[in-house]
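Keeping their order, the protein sequence lines are chains A and B. Sequential numbering of the first sequence, starting at 431, is according to our numbering. Sequential numbering of the second sequence, starting at 12, is according to our numbering. Below: the structure, in structure tokens.
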Amino acid sequence: MNVEIDTSAFTEEAYELLSELEDSLLELEASPQDQELISRVFRAMHTIKGSGAMFGFDAVAEFTHEVETVFDMARNGTIPVTKPLIDLTLAARDQIRAMLDAAAGGEPADQANANRIIAGLRGLSPEKKGGGGSTAPAAPSGKAQAPSQAANEPHIFRIRFAPNPEIFATGTNPLLLLNELRELGECRVVANTEKLPDFEELDPEQCYTGWEIFLTTELGENAIHDVFIFVEDECDINIRLLDRDQVMRDQETTKKLGQILLERGDINPNELEKALMPLGDRLVQAGAVTPDKVRAALTEQQVIQEKQDKKKTAETATSVRVPSDKLDSLVDLVGELVTMQARLNQTAGTIGDHTLQLIAEEVERLTAELRDNTMSIRMLTIDTTFNKFKRLVRDLSTELGKEIELITSGGETELDKTVIDQLNDPLVHIIRNSIDHGVEAPDVRRACGKNPVGKITLSAIHSGASVLIRVTDDGAGLDAQRLRAKGIEKGLLSPDEEISEKEAFQLIFAAGFSTAAKITNVSGRGVGMDVVRRSIEGLRGSIDVTSTLGKGTTITLKLPLTLAIIEGLLVMVEGEYFVLPLAAVEECVELSRDDVDKAHGRHVINVRGEIIPYIRIRSRFEIGGTPPDIEQIVISEVDEKRIGFVVDKVVGQHQTVIKTLGKNFQHSEEFSGATILGNGGVALILDLNKMVRYVEEEEIRELDSP
Amino acid sequence: MFHFSMDTARSVGVLSLSGDLTIRNAAEFKEAMANAMDQSKQLELNLSEVERVDLTTIQILCAAHRSLLKKGKTLSISGNLPSALRETVQQAGFVQCGGEKETSGLWKGVTN
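What follows is the structure, encoded as structure tokens:
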């Protein structure tokens, strides 16, 4: 049982590391010289290897080790960062993922592929000779020692290094040793020049300098000794671990400068007494220590301080991993609470007791806060999703021989987790389409006078209660004429039908529609955009397309911020309650018998000179009964058209906690869900888009069959 | 490789150095420095043409700087520090050498 939990912790971490790894690799491809990025890739590999071995994922650890080995060489500059290296590492990253999936019960990973990758990586490394000196990577059996290294906390070592004056004569360059130390971790070097004589006595070929080095590293003392292994006889070397964990815990504050000097034996307590503040200067003046010593001590203080600061920020910025179903049930409970609170308000109002009303109001305030907080927990930034597409664009454009740059903006925009999860596939489709059909091949672009490198922009911005996600390409754009011809060919339009450009663009969302002359394995199978549209509408969002021929296409997704709670308008028809999403509602007007008579049986109304069609909810759902003399029309914007919905009475605004309908009712697509009212009743939530489309389709059918 | 001249207008001695200043020619470098130091009260070094340096270079410069200060003379560096020198100063941990008080820092321009 315990083992189960532990491995899931590992796999989750590993998945995260893998996506970080992917990001780093893509960045590295853009700037292959960036040491920091190379180290980041290396660290990610190293951690996966280490904790993989620890949790018994031996295959993962072994495989990762191979990749790590090669990247270690890149880190040391033994091999350059090249495209093949990045390609192979990306492939390796996918392979590790496949291995993790396999361990989680997925399909077994392709071992042949793994061997191919390893062979490729090994091919990149030069003959394993001592070229890299002490940094030569360990043999493949190194996985056993990996976990203990990875699990180690970084320690600070103080290294006092004083070479013999004659060290230059042996051909040793102490600076190179310092550089080797720098490779072990974060390193501060302070030179000690006490022994440097007056200029006249200086022998220019002798070494007078000593060093104090403060090294923060995860490696052990032996690694440091290894650096000095060839010079140990000619140098004075003293290595001390500065911060054992107990020491760190015992003392909350950083050591005082004087204390450090005392502990190091550089001064005695009396001297410290004599020289009070400002300590460093006084000590120097008193001749107790040299400036170099003070400087070294100050650096020591700083290094320790920095480490503690780092620790503190790490501690304060911790987060808790929670399984998302726990979060879902929390949201459910908050929903129930919101419903109950509405009921409490209503009851308190009916009873009319002042004290009870006060309590009800207080509960309302708290509930609202609780609701907002809970919702914000579910909100995630969209940048993880965006980052995934960098890889998609890179791989696809290479495959198709196009050069495309992906620009993202608004990655910090937050959306409900459920929305983000379900947004991935539609976006993949859209971006694939842009790469395949939108952006032209480099030579075509050059011929059109465009930059041969195509550009796809992915952006997200808030707009009221929705988020707009745009995918813009600077490609060929949509050809309305061709779309129309294709529509006729597919039987979606009659040959004499005239359609506007906008309507022509809408055709791309029709099922089975594809303008691509040939089918590639990327897109063009005609299963793309209609599926996209359906899934976006499943998220209660909408999709829109604009395009200029020769300039490019923009596809805009409009998505609700959250799926769990919406602001709704509660309406009533013959004692039945319905909820319309408030975001779509524009205004409410009266519909009198007079108005109906004037329209001569057509379902339209004149609102301030504008003719607006309407749908009677009463007849649409065959509710029956007689409508009141004066009905209400809720005018809403659906697909950028104004359409009215006729109801008996508008009750008012309603915090709608969305409950999905039971299995038996899921086919009724005109409802996006239901909600429980304050009085315990149920109101159905209308999906206006779908309702309008159904009514349109029915009318067209009626017209076609006279 | 070493060129010394007096800027009489400013009464500053200017020592221009170029090429390699490593241990191979450390002795010559020291001698050139010693001559320049004797001849001028204010010594200015132009190091912009220097190609390679090592620890000995820095030791010589540091010692010279300290000796001059003791005698009430000054040593300064004009022009840009070549990157090789800058790197070596960093690597050798001399960045803060001379600090605020003591010698008004020969390597002030170099940061960690």
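Note that CB positions come from ideal geometry on N, CA and C, so glycine has one too.
{"Asked": "Residues of its chain near T565 of chain A, where Cβ-Cβ distance is below 6 Å and the 5 sequence neighbours each way are ignored", "Found": "Reliability fails at T565 of chain A, whose pLDDT of 39 lies under 50, so the model's placement of it is uncertain and no value is given."}
{"Asked": "Under 9 Å by beta carbon: chain B residues contacting T639 of chain A", "Found": "L66, I69, Q70, C73, A103, G104, F105"}
{"Asked": "Status (buried if at least 16 other CB within 10 Å, exposed otherwise) for V1064 of chain A", "Found": "buried"}
{"Asked": "When A:I985, A:D904, A:I548, A:E933 are compared against L913 of chain A, the one with the closest alpha-carbon", "Found": "A:E933"}
{"Asked": "Other residues of its chain near E1017 of chain A: CB distance less than 7 Å, five sequence neighbours each side excluded", "Found": "I1065"}
{"Asked": "Backbone CA spacing between I860 of chain A and S972 of chain A [nearest angstrom]", "Found": "14 Å"}
{"Asked": "Same chain, Cβ closer than 7 Å to S16 of chain B, neighbours up to 5 away in sequence not counted", "Found": "V25"}
{"Asked": "One or two residues paired with Y1044 of chain A in a DSSP bridge", "Found": "A:G1074"}
{"Asked": "Closest Cα partner of V23 of chain B within the set B:D31, B:Q101, B:Q53", "Found": "B:Q53"}
{"Asked": "Sequence-distant residues of its chain with Cβ nearer than 6 Å to L1114 of chain A (five each side left out)", "Found": "F1008, F1101, A1104"}
{"Asked": "Exposure of P1137 of chain A, with buried meaning 16 or more beta-carbon neighbours within 10 Å", "Found": "For residue 1137 of chain A there is no data in the structure shown, the boundaries of chain A being 431 and 1136."}
{"Asked": "Inter-residue Cα distance where the pair is E459 of chain A and K885 of chain A", "Found": "18 Å"}
{"Asked": "Contact between the segment 857-871 of chain A and the segment 818-834 of chain A (3+ Cβ pairs under 8 Å)", "Found": "yes"}
{"Asked": "Within-8 Å CB hit, S51 of chain B to chain A", "Found": "no"}
{"Asked": "Where the alpha helix (DSSP H) through K981 of chain A begins and ends", "Found": "Element bounds for K981 of chain A: n/a, residue is neither H nor E."}
{"Asked": "Local conformation of A718 of chain A per DSSP, three classes", "Found": "coil"}
{"Asked": "Cβ-Cβ separation, V657 of chain A to V610 of chain A (assumed contact under 8 Å), whole Å", "Found": "Looking at the sequence itself, residue 610 of chain A is Glu, so the reference to Val does not match. Contact flag correct, Cβ pair sits at about 5 Å."}
{"Asked": "Pair within 8 Å by beta-carbon distance, G998 of chain A and R773 of chain A", "Found": "no"}
{"Asked": "Interface residues of the segment 16-47 of chain B facing chain A [CB-CB below 8 Å]", "Found": "I34, A37, A38, F40, K41, M44, A45"}
{"Asked": "Proximal residues, the segment 621-635 of chain A versus chain B, C-beta separation under 8 Å", "Found": "A621, T623, L626, P627, D628, F629, E630, L632, P634, E635"}
{"Asked": "Sheet register partners of K1089 of chain A (DSSP bridge)", "Found": "A:A1104"}
{"Asked": "N622 of chain A - partner residues in DSSP beta bridges", "Found": "A:G640"}
{"Asked": "Residues of its chain near V1034 of chain A, where Cβ-Cβ distance is below 8 Å and the 5 sequence neighbours each way are ignored", "Found": "I1041, I1042, P1043, Y1044"}
{"Asked": "Bounding residues of the alpha helix (DSSP H) (the contiguous stretch that carries K470 of chain A)", "Found": "The residue you asked about is not Lys; residue 470 of chain A is Arg in the sequence shown. Unbroken alpha helix (DSSP H) run through R470 of chain A: 465-484."}
{"Asked": "Interface residues of chain A facing T99 of chain B [CB-CB closer than 8 Å]", "Found": "L605"}
{"Asked": "Contact set for V883 of chain A: own chain, Cβ-Cβ below 6 Å, skip 5 residues either direction", "Found": "E833, E835"}
{"Asked": "Simplified DSSP state of R588 of chain A, which is helix, strand or coil", "Found": "strand"}
{"Asked": "Integer-rounded CB distance, given that I548 of chain A should sit under 8 Å from A521 of chain A", "Found": "No, A521 of chain A and I548 of chain A are not in contact; Cβ-Cβ is about 11 Å, not under 8 Å."}
{"Asked": "Buried/exposed call for A439 of chain A, threshold 16 Cβ in 10 Å", "Found": "exposed"}
{"Asked": "Supposed close pair I526 of chain A, F493 of chain A - CB separation, criterion 8 Å", "Found": "7 Å"}
{"Asked": "Closer than 8 Å at the beta carbon, the chain A residues around S78 of chain B", "Found": "D628, F629, E630"}
{"Asked": "Heavy atom of the ligand GTP within 7 Å of V768 of chain A beta-carbon", "Found": "The model depicted lacks the ligand GTP and carries no ligand whatsoever."}
{"Asked": "Helix, strand or coil at G779 of chain A [DSSP, three-state]", "Found": "helix"}
{"Asked": "Any 3 or more C-beta pairs closer than 8 Å across the segment 38-46 of chain B and the segment 68-76 of chain B", "Found": "yes"}
{"Asked": "Start and end residues, beta strand (DSSP E) containing H14 of chain B", "Found": "13-18"}
{"Asked": "Check whether D926 of chain A and G982 of chain A have beta carbons under 8 Å apart", "Found": "no"}
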